[in-house]
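**Q** One structure is given below, represented as structure tokens, and several questions about it will come after.
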Amino acid sequence: MEAAAASSVGAGFGPQPRPALGFRHSQLRAPTCSCLRTPRPASRLLCGGGGARPRGAIATASVDQRRQQLGELEAEAEAGSALGPPRSSPREVREEMARCFDLVRRLGRGAVYLGSSRVPPTHPHFLQTTELAREIARLLDCTTWTGAGPGLMDAAIQGALEADKPIGGLKIAKEAGEWTSSGFHPYLPSETYLTCRFFSARKHGLVDAAVRSSAADRTAVIALPGGIGTLDELFEIMALIQLERIGSTLPVPFLLLNYDSYYSKLLDFLNDCQDWGTVAPGEVASLWKVCDGNYEALEYLAEFYNVPAAKRNYQISPPLKQHRTSYATS
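Those letters in the sequence shown? Residues 1 to 330, by the UniProt record's numbering.
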């Protein structure tokens, strides 16, 4: 009876033959240790101490003990503040968001590029991104927006410069793989970018740069190969589109550039999610357009915005034959 009830708990959810999470059944044993979590350091607890305390011990702690413990906490906070200034109030976040929105208003919405900060200029993906950004800026006659960092963000900026079209950037002092003490961009005019203190403000600004406030707006989000930060932004925008919270009733084209099959395993994973029932059939495919190369991406945008065939004069090179070149290659 109990065995039958237990077997019915997971019935109907996901493919039954495969073990959950890929572990063997022999590995799924109840832990023998009764304590699953390591105790927090005493210095992090206001009450201090590591052993059992009688009830009311906190209330009877001496003033001197509390002062000492608060001093330890203040020292920890002071050490942590070396990584950046503390967030003193929500007002500062709101003010920075307002500055991001004002920059978008001044420079105009357009194509927003998300991509790795680690890709060197010699990598084929860097060259493809430069070409793509140049041709999209010409095709849509729009502003090019990036995080104003190195790697593929810089490749998109260089493409927009070649097209002689406006550029906007929302920079942050820290990028993956490097730490910059200066908030200045090496060659963009200061009026074209903003150095953000808060990641949340930067992300809101980049989303706002892609919002279509009118049918005349030609915007897009282009997700290039990238790591954790790119995936964070990619899935956030996908969720906003899925939940119809992108900020406009007008659709925004969302392109995933699958250079060199970079995202193929991610796409396989999302297909597995569909098999498990955690993603609805056809849901992911309806949220973005997966493109293997620049020509496919340009044609998709041209069709999306009904650009006449006579104006589709793409100056793109033949597809580069890639050999899964490492990003670390100099």
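Glycine included, C-beta positions come from ideal geometry on N, C-alpha and C.
No experiment lies behind these values; they were computed from the predicted model shown.
(1) Whole angstroms are fine: how far does the CA of residue 255 sit from the CA of residue 333?
(2) Just the C-alpha distance for residue 3 and residue 174, rounded to the nearest angstrom, thanks.
(3) Looking at the structure shown, is residue 283 part of a helix, part of a strand, or coil, going by DSSP?
(4) Does the Cβ of residue 157 lie closer than 8 Å to at least one heavy atom of the ligand FMN?
(5) Taking the runs of the alpha helix (DSSP H) that are 4 residues or longer, which of them lie wholly in the segment 216 to 268?
(6) Check each candidate in 198, 103 and 290 and name the one with the smallest Cα separation from residue 88.
(7) Among the residues of its own chain, which have a CB less than 6 Å from the CB of residue 305, if the five just before and after it don't count?
(8) Tell whether a beta-carbon distance below 9 Å holds between residue 195 and residue 171.
(9) Would DSSP call residue 145 helix, strand or coil?
(10) How would you label residue 56, buried or exposed, when you count the other beta carbons within 10 angstroms and need 16 or more for buried?
(11) CB residue 307 to CB residue 139, shorter than 9 Å?
(12) Measuring alpha carbon to alpha carbon, tell me which residue in 283, 227 and 98 is nearest residue 116.
(13) Given a threshold of 16 other Cβ atoms within 10 Å of its Cβ, counted over all protein chains shown, does residue 145 qualify as buried or as exposed?
(14) Whose C-beta lies closer than 6 Å to the C-beta of residue 250 among residues of the same chain, with five residues either side of it excluded?
(15) Taking the CB atoms as reference points, tell me whether residue 159 and residue 133 lie closer together than 9 Å.
(16) Roughly how many angstroms separate the alpha carbons of residue 94 and residue 201, rounded to a whole number?
(17) Could you give the C-beta distance for residue 203 and residue 233, rounded to a whole number, given that I count them as a contact under 8 Å?
(18) Buried or exposed: where does residue 118 fall if 16 or more other Cβ atoms within 10 Å of its Cβ makes it buried?
(19) Quick check: what's the CA-CA separation for residue 237 versus residue 252?
(20) If we require 4 or more residues per run, which alpha helix (DSSP H) segments fall completely within the segment 161 to 212?
(21) Quick one: grab the DSSP three-state call for residue 113.
(22) Using the rule of at least 16 other Cβ atoms within 10 Å of the residue's Cβ for burial, across every protein chain shown, is residue 102 buried or exposed?
(23) Among the candidates 214, 239 and 267, whose CA atom is the shortest distance from the CA of residue 336?
(24) Residue 104 lies in the alpha helix (DSSP H); which residues open and close that run?
(25) Sorted by chain position, which residues of the same chain lie with C-beta nearer than 7 Å to residue 281's C-beta, five sequence neighbours on each side aside?
(26) May I have the straight-line CA-CA distance separating residue 130 from residue 222, to the nearest angstrom?
**A** This is what the structure holds:
(1) Nothing about residue 333 can be read from this structure; the chain reaches only from 1 to 330.
(2) Legend: pLDDT at residue 3 = 47, less than 50; position of this residue unreliable, value from coordinates given subsequently. Whole-angstrom Cα-Cα distance: 54 Å.
(3) In the three-state reduction of the DSSP assignment, residue 283 falls in the coil class, being assigned neither a helical nor a strand state.
(4) Of ligands this structure carries none, so the ligand FMN is not represented either.
(5) 228 to 242
(6) 198
(7) So the list reads 218, once near-sequence residues are dropped.
(8) The answer is yes: Cβ separation under 9 Å.
(9) strand
(10) Model confidence at residue 56 stands at a pLDDT of 47, short of 50, so the residue's coordinates are unreliable; what they give is reported in the following sentence. Residue 56 should be labelled exposed.
(11) yes
(12) 227
(13) buried
(14) 212
(15) yes
(16) Cα-Cα distance, rounded: 8 Å.
(17) 7 Å
(18) buried
(19) 10 Å
(20) 199 to 210
(21) strand
(22) exposed
(23) Residue numbering for the chain in the displayed model covers 1 to 330; residue 336 lies beyond these limits and cannot be assessed.
(24) 90 to 107
(25) 274
(26) 13 Å
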